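Its first residue numbered 0, the sequence shown is counted upward by one per residue in numbering that gives the first Met the number 0. From the three backbone atoms N, C-alpha and C, an ideal C-beta is built for every residue, glycine too. In this text the structure is predicted, and so the values were computed from the model without any measurement. Here is the structure we will look at, set down as structure tokens.
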Amino acid sequence: MGIYIMNKLFKQYQWNSTDQKSLDTHGHLILPNLLVESAKEKLTKSLSSIQDMLPGDPERPPNHYAAEFDSYLASLITHPHMLDLVSVVLGDSIRFDHCVSLNRLPGNSGVQWHSHEYGDGESKLGFLRIFLYVNGFEVDDGGLKVVSGSHLFRDSTINAESDAKLENGWLKGRRHPDTGVPLHIEEVSVPTGSVVLMWTHAAHAVSPRQKASKTRWAVVYAYRNPGLPSEARWISKQFERNGVPEAEYLMSLY
Ligand SMILES: [Fe+2]
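What follows is the structure in structure tokens.
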């Protein structure tokens, strides 16, 4: 019991139908300030050690395979709090897909608009990303940008260099399939310790990190329903076999 308390990941919270509805309607859901203090400290340490390893071996970059380079990050793949959250959204048939560090150093240029693939034509196959934003972020400062409803198109080819190009391109004339609201860009900010869930087909981008800001510490854990190959799956053969011995079932492709 003592060890369990020491290793808590999330604060007490209750997933409810409003959370599910919000995730399914918008494509993302922010759970503000959910990480416990001790998890934030450990994550900062682990993510900063991953940062120190970069760029590393181009065949197996430490940021893309973050859990394979840090035992605390690896332990979160099967953390009961993590698996509770994953299974309440994806059901019981789940696979781990990747764990990628998303640290953004001062002056980092951010990421342009994009979406990700998985089961583009198979709406029953879910692919969920769970972002842990250890020290949060602000609008225009390593901040996440999203488009509510974009995930419902299950289009993995969304790509635009700027907000204007997205607005004059993919967004133009499209409406939210459920609400009818014209699709539009939203910039969000989240407090420290926030967790963001996102369906894989949601359009998203990240604004540049200001030069005067500290590093944004963040990591993403991705899980999916098995059934198809996954392009984002970054698990080495060795990690698939021995990385998480107590949860071999999570590691295979199918
Ligand atoms: Fe992404």
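In whole angstroms, what is the alpha-carbon distance linking residue i and residue j?
i: Gly168; j: Ser147; result: 16 Å
i: Trp14; j: Leu82; result: 13 Å
i: Gly141; j: Gly242; result: 31 Å
i: Pro176; j: Thr24; result: 9 Å
i: Lys7; j: Val138; result: 29 Å
i: Ser45; j: Trp216; result: 10 Å
i: Cys98; j: Glu166; result: 31 Å
i: Ser47; j: Ala65; result: 11 Å
i: Asp18; j: Val87; result: 11 Å
i: Gly109; j: His203; result: 11 Å
i: Leu75; j: Gly179; result: 38 Å
i: Ser235; j: Ile157; result: 28 Å
i: Val35; j: Gly172; result: 42 Å
i: Ser251; j: Ser37; result: 31 Å
i: Gln237; j: Pro207; result: 35 Å
i: Pro244; j: Glu121; result: 31 Å
i: Val219; j: Phe152; result: 23 Å
i: Asn102; j: Leu72; result: 14 Å
i: His63; j: Tyr12; result: 30 Å
i: Leu182; j: Arg174; result: 5 Å
i: Ser16; j: Leu249; result: 26 Å
i: Gln50; j: Pro57; result: 14 Å
i: Leu33; j: His80; result: 11 Å
Kindly indicate which residue of the options has the alpha-carbon position closest to the one of residue i.
i: Glu186; options: Leu170, His175 and Asp162; result: Asp162
i: Lys131; options: Leu84, Val180 and Lys236; result: The residue asked about is misnamed: residue 131 is Leu in this sequence, not Lys. Comparing Cα-Cα distances from Leu131 to each of Leu84, Val180 and Lys236, the minimum goes to Leu84.
i: His78; options: Ser21, Gln50, Leu165 and Phe9; result: Phe9
i: Asp119; options: His150, Cys98, Val133 and His113; result: His150
i: Ser21; options: Phe126, Met197 and Asn102; result: Met197
i: Gln209; options: Ile76, Gly106, Leu72 and Ala38; result: Gly106
i: His113; options: Lys164, Leu124 and Ser100; result: Lys164
i: Asp91; options: Glu245, Ser251, Ser229 and Pro225; result: Pro225
i: Phe191; options: Gln11, Ser16 and Leu42; result: A small fix is needed here, since residue 191 is Thr in this sequence, not Phe. If we check each option's Cα against that of Thr191, Leu42 comes out closest.
i: Glu239; options: Glu160, Glu121 and Asp96; result: Asp96
i: Tyr253; options: Leu124, Glu245 and Pro57; result: Leu124
i: Gln111; options: Gln11, Val205 and Tyr220; result: Val205
i: Arg232; options: Pro181, Ser70, Leu89 and Arg59; result: Arg59
Consult DSSP for residue i and reduce its assignment to one of helix, strand or coil.
i: Ile29; result: strand
i: His203; result: strand
i: Asn241; result: helix
i: Gln50; result: helix
i: Phe267; result: Examination of residue 267 is not possible in this model, given that the chain is present from 0 through 253 alone.
i: Asn107; result: coil
i: Asn167; result: helix
Could you pull out every residue in the same chain whose Cβ sits closer than 6 Å to the Cβ of residue i, ignoring the five residues on either side in sequence?
i: Pro54; result: none
i: Leu104; result: Thr214
i: Phe126; result: Tyr117, Thr199 and Arg223
i: Glu230; result: Glu116
Count the other CB atoms, across all protein chains shown, that sit within 10 Å of the CB of residue i; report buried if there are 16 or more and exposed otherwise.
i: Gly26; result: buried
i: Arg94; result: buried
i: Ser100; result: buried
i: Glu160; result: exposed
i: Arg128; result: buried
i: Ala246; result: exposed
CB-CB under 8 Å to residue i, same chain, minus the five flanking residues each way: which ones, in chain order?
i: Met52; result: Pro61 and Phe68
i: Val189; result: Ile29, Pro31, Tyr132, Gly135, Phe136, Leu143 and Val195
i: Ile184; result: Lys144, Val145, Val146, Asp162, Leu165, Glu166 and Leu170
i: Ala211; result: Pro105
i: Lys39; result: Val133, Asn134, Thr191 and Gly192
i: Pro228; result: Leu252
i: Leu89; result: Gly125, Leu127, Tyr222, Arg223 and Asn224
Could you name the residues of the same chain whose beta carbon sits closer than 7 Å to that of residue i, not counting the 5 residues immediately before and after it, in chain order?
i: Ser155; result: Ser114, His115, Glu116, Asp119 and His200
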